[in-house]
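Going line by line, the protein sequences match chains A and B.
For the first sequence, the tail end lands on 180 under this note's numbering, and the numbers increase by one without skipping.
For the second sequence, the tail end lands on 273 under this note's numbering, and the numbers increase by one without skipping.
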Amino acid sequence: MKLTVNGEQRDLHSPPLTSLLTALREELDITSPKAGCHQGGCGACTVLVDGEARRSCLLPLAAVDGATITTVEGLGAADDLSPVQAAFDEHYAAQCGFCTSGFIMAATALIERTPKASREDILAGLSGHVCRCTGYIKIVSAVEAAAKGDVHPDKVEPSFEPEEAAVLIPGSPA
Amino acid sequence: MTTTSLAAAEVIAPVSRAEAVAAFGDGSGVTVLGGGTILMPELNYGRLRPQRILMLQNAGLSGVARNGTSLTIGAMTTVAELEEAPEPLGTAARNVADHEIRGQATLGGNLCAPAGGATPRGDLQAALIALGAQVKTAGKGGERTEPIEDFLAAGPDERLLLEVQFDEPQRSGYAAAHRPHAHAYTILAVCAAETPAGMRVGLSGAGPSGRRARSVEDALAGGASPEEASQKVLDDAETSDDALASAWYRQRLLPILVQRALDDLGGGK
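Dropping the structure here:
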């Protein structure tokens with residue numbers, strides 16, 4: 007099976023009923039989609055499939071053959087964050103970080119389809135995502151700021167170099 | 005069932021309705037995958053290891069066709085596409101899960117969902133029962149069309165759902181008890197619709213699958229007030245304790261919701 011993942015053509019050899027989440031993480035080593043519940047209930051595995059936010063744990067590979075997939079890895083870089091990523095940084099919208107990838111992908115799609123998203127639109131649009139640390143207020147504020155264009159990516163400074171992360175958590179699958 | 009590995013499952017992906025019907029055959033040994041929102045957790049957790057899996061994504065079974073006041077909706081139409089459907093179906097669709105799930109889950113999956121281990125499923129069932137929907141299926145003996153309540157009562161095991169047809173109602177009403185968490189199934193939902201054949205009332209959460217409240221319909225036809233008629237609903241309910249609510253709670257709530265749905269009757273959309 008073939009996928010375009012973050013702009014790159016990839017051939018996949020996982021069995022056709024493997025979830026997209028498992029294929030991304032274990033075959034392609036793309037680990038921003040998190041394996042939370044494997045049943046669609048937590049939102050942490052959300053990625054874009056042909057531009058639409060989808061639970062990667064609920065999609066068998068065979069159902070997305072030929073699709074274009076975007077994950078957090080395809081949004082921005084440490085020194086060139088996307089508006090939603092920059093807003094999360096500015097508003098301190100991540101604590102443990104496990105839910106963050108899913109929120110960022112869902113918020114990116116939400117703002118794409120509803121450019122002037124109100125706070126109510128954001129609450130409804132992100133209702134399938136669970137965070138157990140921040141209590142949502144900062145997350146919703148970050149998405150609200152991103153929807154208004156009230157973000158300042160140039161002010162964001164990477165807090166560490168990518169090599170440092172590997173030292174901090176040796177062998178971490180991230 | 006001898007298949008033990010996910011990798012060993014045979015995946016069939018028909019590219020037309022005729023191919024899908026032929027591949028389904030009489031349904032034996034076939035597991036149908038629509039949107040995947042119900043089936044994938046079973047595969048991910050190893051609770052289900054299908055022999056043959058029929059994937060309907062490209063089988064030409066999605067879409068809403070309108071002919072005057074008649075709507076025909078393909079089994080693979082997503083719940084998101086039904087959010088603007090005539091009431092009470094639109095409201096029922098908007099109340100399903102969350103944005104991402106609605107974009108993936110299908111009408112067919114909602115009607116064919118087996119009762120969950122922890123709770124009844126199928127939030128669209130009450131609406132389609134109220135609308136007097138006819139269900140077209142394929143399987144042993146060929147295609148057949150039947151009232152949705154008959155299809156739900158028999159269970160979907162031996163039939164491949166193709167499409168659902170109904171006429172827009174003159175008036176409709178909706179009342180439901182939800183959990184605050186967006187993702188939970190609805191505790192109870194009551195839909196009412198005034199059709200040329202009279203008032204129809206459908207229930208979700210009042211039994212293993214959606215059911216028709218004929219006792220309420222008959223009472224209304226006999227001249228009972230909504231308040232009087234709503235008290236009859238327990239004759240058609242088969243409530244049980246589950247993860248969302250107790251049978252005791254449902255029995256007390258159900259007549260109230262029936263009355264609210266009848267009071268909610270507005271113009272058709």
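Think of the CB as a built atom: it goes at the ideal place given N, C-alpha and C, for glycine as much as any other residue.
Measure how close the beta-carbons of residue i and residue j come, nearest whole angstrom, since I'm counting them as under 8 Å.
i	j	result
B:Leu65	B:Leu166	6 Å
B:Pro212	B:Ala119	4 Å
A:Pro39	A:Ser107	6 Å
B:Gly40	A:Pro66	6 Å
A:Ala123	A:Ala153	4 Å
B:Val262	B:Val194	5 Å
A:Met7	A:Val53	Actually they do not touch by this definition, with Cβ atoms about 16 Å apart.
A:Val157	A:Ala93	5 Å
B:Glu150	B:Ile133	In fact, because the Cβ distance is near 13 Å, the residues do not count as touching under 8 Å.
A:Ser62	A:Ser25	6 Å
A:Ala73	A:Leu30	About 12 Å; that fails the 8 Å criterion.
B:Ala24	B:Leu164	7 Å
B:Gly107	B:Ala84	5 Å
B:Gly270	B:Ser208	Not a contact, Cβ separation roughly 20 Å.
B:Asn48	A:Gln45	7 Å
B:Leu86	B:Ala97	4 Å
A:Glu32	A:Leu18	Not really, about 11 Å apart at Cβ, beyond 8 Å.
Check for me: the alpha helix (DSSP H) holding residue i runs from which residue to which?
i	result
B:Ala117	B:Ala117 -> no alpha helix (DSSP H), and no H or E assigned at all.
B:Gly107	103-108
A:Ala92	89-96
B:Arg21	21-28
A:Ile143	143-154
A:Ile128	125-131
Residue i lies in the beta strand (DSSP E); which residues open and close that run?
i	result
B:Gly177	175-181
B:Val34	34-37
A:Ile117	Not the beta strand (DSSP E): A:Ile117 falls in the alpha helix (DSSP H), residues 106-119.
B:Met44	B:Met44 -> not in any beta strand (DSSP E); alpha helix (DSSP H) instead, spanning 43-48.
B:Ile57	56-59
B:Thr199	192-199
A:Val53	52-55
B:Ser208	202-208
B:Val15	14-16
A:Ala59	58-61
Can you pull the chain A neighbours of residue i, defined as C-beta to C-beta under 9 Å?
i	result
B:Pro45	Cys43, His44, Gln45, Gly46, Gly47, Cys63, Leu64
B:His103	Ala59, Ala112, Ala115, Leu116, Ala130, Gly131, Leu132, Ser133, Gly134
B:Gly107	Glu58, Ala59, Arg60
What residues from chain A crowd round residue i, counting only those whose CB sits closer than 7 Å?
i	result
B:Thr41	Gly46, Leu64
What in chain B is Cβ-close to residue i, meaning under 7 Å?
i	result
A:Leu23	Leu10, Ala13, Val15, Leu47, Ile57
Could you name the residues that DSSP lists as bridge partners for residue i?
i	result
B:Phe170	B:Leu75
A:Lys8	A:Asp17
A:Leu26	Answer by DSSP bridge pairing: none, since A:Leu26 is not bridged.
B:Asp151	Note that residue 151 of chain B corresponds to Pro in the displayed sequence, not to Asp. For B:Pro151, which the question treats as bridged, DSSP gives the partners B:Gln138.
B:Gly113	The partner list for B:Gly113 (beta bridge, DSSP) is empty, contrary to what the question assumes.
B:Val68	B:Ile77
A:Ile75	A:Val11, A:Val55
A:Pro66	A:Ser25
A:Ala83	A:Asp86
B:Thr95	Its beta-bridge partners do not exist; DSSP assigns none.
B:Leu165	B:Thr141
B:Thr82	B:Thr110
A:Gly46	BP columns for A:Gly46 are empty, so no partner.
B:Gly159	According to DSSP, B:Gly159 bridges with nothing at all.
B:Gly270	B:Ser176
Strictly below 8 Å CB to CB, what residues from chain B border residue i?
i	result
A:Ala29	Under the 8 Å cutoff, chain B gives no residues; its nearest Cβ is about 12 Å from A:Ala29.
Starting from residue i, find everything on chain A with Cβ-Cβ shorter than 8 Å and list it in chain order.
i	result
B:Gly67	What B:Gly67 touches in chain A: nothing, since even the nearest Cβ is about 17 Å away.
B:Gln61	Ala69
At a CB-CB cut-off below 9 Å, which residues of chain B make contact with residue i?
i	result
A:Thr52	Glu104
So, is the C-beta of residue i closer than 7 Å to a C-beta in chain C?
i	result
B:Ala251	No chain C appears in this structure, whose protein chains are A and B.
Does the beta-carbon of residue i, which I'm using as the reference point, lie nearer than 6 Å to any heavy atom of the ligand GTP?
i	result
B:Gly38	Annotation note on the ligand GTP: not contained in the displayed structure, which lists no ligands.
At 4 residues or longer, what runs of the alpha helix (DSSP H) sit wholly inside the stretch 210-264 of chain B? 218-225, 230-234
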